[in-house]
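J.: Here it is, the structure, as structure tokens.
What follows is the structure, given as structure tokens:
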């Protein structure tokens, strides 16, 4: 019994190590392209949360949802903020993505950063842009409810 | 270097006090801090290296209510001396090397309150009359006790040789702050800044003596090579401070003075953009940017800012982007890019507003990223953790800090000797970048229109008008 416990701990430590050492995963289809990051210092996780790596199937499900929901999301956002400058809906495939998965209160959430001005090292880690206008926006995808939340669109400085 | 040599010092009487820092402790601290056994001085002009180290045998201690200090002469294999241009000219004219005298010492300072220890190099440069009256001896001055009639400059460099801060003295009293500038910056500083501050440069005369170590023995050659270099500084008649080393760069990540923050945590490539450079240095030199950031966060700023000018593509509908702030946790610096098209067309007050706006984003974000290290507090914690706020930074700026921005822009204008600007301009400009926030949407449509009109006007008024 004790041996099994020790073995379990070793396996857990190894899994934890493998997870932390995970390189960004490149995903590319005809409709979207991005990187999945398993850990990044820029993403502030609460102490009670932890990260997870979404599978390519989960990303595909989410992207399908985004594709179907983008018009309503943008429309609602514009109504709330009286903001009507961006034409993200018709240009969604031109935006690259960064994906970061985390578990908050037992719920899996994927944070997505969209950008259509692509820095050279975009495959190295997450970045945040303030005041970049329509070129940058963020979303959250709540896997349990299959729902999306459009976060900030870069305002004009 | 004649009488300017740092190898023959008269050690002033130590101030007897309960000094908790002994010479041995200072030496241990120094040896544990330095990765190499020596301080290396490198000439930027002649590419020659000089090795220095503290002369512990001649170390002495002093104290006041705040600090315990150990001070030592510096042993150097070259002689070097800082002099004002006036002293340098007199030295040549009268063939008197004494005019080239300056005094550099190694100082270890322990803060009595927080026990923080820092080491640095202090250089004392006397004004010409003072040097002459003292027969070219500066040794009556020490870190905690300056001569009653000392007139001149005290410069502080860290142990890597980087200038940190400095002070101007007149007749033993603090009269101003000294800042390092580069020669090309000196010619393009704003008129008002130039009136408040005066550019000064010091001639550094270095006598290099070739040497080498063979089989552990030091061989010094009899030939020598004298070079001079010029370093530009400015001094401003602002006496807030204690005349000491800015103890915020050698380990404390939050510089507590504007000059220290500007020196350690900001850099730019504005050399090709004189107008933007003027605005940038006015915001830094007048403490406006530091004060704004400090006001927002309630503490000294921590973000390291790297400023650029570049062309930023328009939005898909053709709208111009004025600037953007790029935060990448894999880089120490946060990059702020000003759109070249914007700076070519905007007024200086508009550009100043944009720069402050972006610096605030940088500071907020740095705090947010650091949250695991230092928990967020106050408004930032409240807004950043709000699930309902989709754009917490702009919401926070628009709801809490419009007044601070207004005061900051007025202070910027004051530094440019502009005192008659219509207050409406400030009222309008502070909303720049905050369209579509809840607070903006609560303004009446008429007010929104008039503010937008003024903001647009300032964006197209012309460079630095």
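Residue numbers (my numbering), protein chains in the order written: chain A, 372 to 528; chain B, 4 to 468. Here a beta-carbon is modelled for each residue, glycine too, at the ideal position from N, C-alpha and C.
#1: Three-state secondary structure (DSSP) at residue 310 of chain B?
#2: Give the residues of chain A in contact with residue 119 of chain B, contact being defined as C-beta atoms less than 9 Å apart.
#3: Inspect the beta-carbon positions of residue 470 of chain A and residue 408 of chain A and report whether they are closer than 8 Å.
#4: Can you find at least 3 beta carbon pairs, one from the stretch 502-514 of chain A and one from the stretch 321-336 of chain B, that sit closer than 8 Å?
#5: Residue 396 of chain B versus chain A: which residues are under 7 Å apart at the beta carbon?
#6: Report the three-state DSSP secondary structure of residue 70 of chain B (helix, strand or coil).
#7: Does DSSP put residue 273 of chain B in a helix, a strand or coil?
#8: For the stretch 332-348 of chain B against the stretch 435-445 of chain B, do three or more pairs of beta-carbon atoms, one drawn from each stretch, fall closer than 8 Å, so that the two count as touching?
#9: Within 8 Å, do at least three Cβ pairs link the stretch 406-413 of chain B to the stretch 284-298 of chain B?
#10: Any beta carbon from chain A within less than 8 Å of residue 326 of chain B's own beta carbon?
#11: If you follow the beta strand (DSSP E) that residue 508 of chain B is part of, which residue opens it and which one closes it?
#12: In chain order, what residues of the same chain lie with their CB nearer than 6 Å to the CB of residue 78 of chain B, ignoring the 5 residues before and after it?
#13: Since residue 171 of chain B contacts residue 65 of chain B with CB under 8 Å, what's their CB separation in whole angstroms?
#14: Rounded to a whole number of angstroms, what is the C-alpha to C-alpha distance between residue 324 of chain B and residue 427 of chain A?
#15: Measuring CB to CB, does residue 129 of chain B end up less than 8 Å from residue 110 of chain B?
#16: Just tell me which of A:483, A:489, A:457, A:446 has its CA closest to the CA of residue 431 of chain A.
#17: Whose C-beta lies closer than 7 Å to the C-beta of residue 113 of chain B among residues of the same chain, with five residues either side of it excluded?
#18: Could you spell out where the beta strand (DSSP E) holding residue 107 of chain B opens and where it closes?
#19: Please confirm whether residue 540 of chain A and residue 476 of chain A have their CB atoms less than 8 Å apart.
#20: With DSSP collapsed to three states, give me the class of residue 443 of chain B.
#21: Under 8 Å, Cβ to Cβ, is there at least one residue of chain B near residue 423 of chain A?
#22: Output, in chain order, the set of chain B residues within a Cβ distance shorter than 7 Å of residue 488 of chain A.
#23: Within a Cβ cutoff of 6 Å, which residues of the same chain sit near residue 270 of chain B, ignoring the five residues on either side of it in sequence?
#24: Use the C-beta contact count for residue 427 of chain B: other C-beta atoms within 10 angstroms, 16 or more gives buried, fewer gives exposed.
#25: Below 7 Å CB to CB, which residues in the same chain sit around residue 398 of chain B once its five sequence neighbours on both sides are set aside?
#26: Any beta carbon from chain B within less than 8 Å of residue 496 of chain A's own beta carbon?
#27: For residue 33 of chain B and residue 60 of chain B, I'd like the C-alpha separation in whole angstroms.
#28: Would you please verify whether the beta carbon of residue 425 of chain B is less than 8 Å from any beta carbon of chain A?
#29: To the nearest angstrom, how far is it from the Cα of residue 162 of chain B to the Cα of residue 419 of chain A?
#30: Quick check on residue 354 of chain A - is its C-beta less than 8 Å from some C-beta in chain B?
#31: Buried or exposed: where does residue 395 of chain B fall if 16 or more other Cβ atoms within 10 Å of its Cβ makes it buried?
#32: Along chain A, which residues have their Cβ under 9 Å away from the Cβ of residue 457 of chain B?
#33: Quick one: is residue 330 of chain B near chain A, going by C-beta distance under 8 Å?
#34: Can you find a CB in chain A that lies within less than 8 Å of the CB of residue 436 of chain B?
#35: With a Cβ-Cβ cutoff of 8 Å, do residue 143 of chain B and residue 127 of chain B count as a contact?
#36: Quickly, what does DSSP pair residue 341 of chain B with across the bridge? List them, please.
T.: Inspection of the coordinates gives the following:
#1: Here residue 310 of chain B sits in strand by DSSP.
#2: Within 9 Å Cβ-Cβ: nothing; residue 119 of chain B doesn't reach chain A, min ~27 Å.
#3: yes
#4: yes
#5: 501
#6: strand
#7: helix
#8: no
#9: yes
#10: yes
#11: This structure gives no information on residue 508 of chain B, because the portion of chain B shown stretches from 4 to 468.
#12: 56, 58, listed in sequence order.
#13: Going by Cβ atoms, the distance from residue 171 of chain B to residue 65 of chain B rounds to 22 Å, so no, they are not a contact pair.
#14: 34 Å
#15: no
#16: A:483
#17: Within the same chain, residue 113 of chain B has close Cβ partners 23, 24, 70, 71, 120.
#18: 106-114
#19: Chain A is shown from 372 up to 528; residue 540 of chain A falls before or after that span and cannot be answered.
#20: helix
#21: no
#22: The answer, in chain order, is 316.
#23: The residues 309, in chain order, have a CB closer than 6 Å to that of residue 270 of chain B in the same chain once the five nearest residues on each side in sequence are set aside.
#24: exposed
#25: 386, 392, 440, 441
#26: Taking 8 Å as the CB threshold, residue 496 of chain A lines the interface with chain B.
#27: 14 Å
#28: Interface residue (Cβ-Cβ distance to chain A less than 8 Å): residue 425 of chain B is not classified as such.
#29: 42 Å
#30: Because chain A is modelled from 372 through 528, residue 354 of chain A falls outside the range shown and cannot be assessed.
#31: buried
#32: Near residue 457 of chain B there are no residues of chain A at all, since even the closest Cβ is about 15 Å away, more than 9 Å.
#33: yes
#34: In terms of beta-carbon proximity, residue 436 of chain B lines the interface with chain A, with at least one pair separated by less than 8 Å.
#35: In this structure, residue 143 of chain B lies away from residue 127 of chain B, with their beta-carbon atoms at least 8 Å apart.
#36: For residue 341 of chain B, which the question treats as bridged, DSSP gives the partners B:312, B:326.
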